[in-house]
Structure formats: structure tokens, C-alpha cells
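Count along the sequence shown from 1, then add 54; that gives the number in the working numbering. Inspection log for the structure reproduced underneath, given as C-alpha cells.
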Amino acid sequence: MNAISKTLNEMTIVERTSLLDTVADALEATAEEAEDAGYVLFATNSTCVASTIRGLSGHLGIRDLPAAELLLEQGIMLVHQYSNRSLPETHH
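Below is the structure:
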């Protein structure tokens, strides 16, 4: 698949909403996993960003696009950081 990426401004409302929901879903899944692993602060931060994205998703206007882009970047970075974290070594 060789699709050209779109900016939020170029996306339809449905595409924007889908992207925001996907990132919020990933953050919520990461938060749940982090909490189960004992990373409570990380879980809280991920949940807060997911909630903010969800709150913005239904009312996203052209003036809100810069904020949405920033939230998406932060959300994606949180998921990335958690998935690439250093796990403590287990001793056998």
C-alpha cells in the first residue's frame, strides 16, 4: 500500500474522528496494561490524554486542529514510549 498521508486539515470529519478514536483506544489499552504492570503514573497520564482526545473528537473544528495535532503527537509518543520501555531484568 503506497498511500499518501493526509494532514488533519485535509481529512474528512469521519477520517479525523476515526484517527482520534484509534489513538484514544491505543492509549486506553496502554493505560490498562501499564496499570496492571504497576506503572500507575504512566497509566494516569495515558488515560488523561485519551480522555482529552475523546472530548475534542466530537467537536473538532478547523480552529481546533493544531490542538488535535499536538494531542495526537503526545498520545502516539506515550504509546511508543510504553511499548519501548526497558523492562527490569528478572533473575532466575
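Backbone N, C-alpha and C fix where the C-beta goes; we use that ideal spot for every residue, glycine too.
By alpha-carbon positions, which one of the options ends up nearest to residue i?
i, options, result
"E127", "S100, R139, G115", "S100"
"I67", "S105, L114, L81", "L114"
"R117", "S59, I58, N63", "N63"
"H140", "G129, Y93, L81, T61", "The amino acid occupying residue 140 in the given sequence is Ser; His does not appear at that position. S140 has its Cα closest to that of Y93, out of G129, Y93, L81, T61."
"L132", "L119, M65, A83, P120", "A83"
Counting only the same chain and skipping the five closest in sequence on each side, list residues whose C-beta sits under 8 Å from that of residue i.
i, result
"R108", "L74, D75, A78"
"M55", "Below a pLDDT of 50, predicted positions are generally treated as unreliable, and M55, at 49, falls in that range; the measurement from the model is reported next regardless. Closer than 8 Å at Cβ, skipping near neighbours: no residue."
Beta-carbon within less than 6 Å of residue i's beta-carbon, same chain only, minus the 5 sequence neighbours each way: which residues are those?
i, result
"F96", "A88"
State buried or exposed for residue i, treating a residue as buried only when at least 16 other CB atoms are found within 10 Å of its CB.
i, result
"R70", "buried"
"A104", "buried"
"A122", "buried"
message = Suppose only complete runs of 4+ residues qualify. What are the alpha helix (DSSP H) ranges in the stretch 76-135, listed by chain order?
response = 94-111
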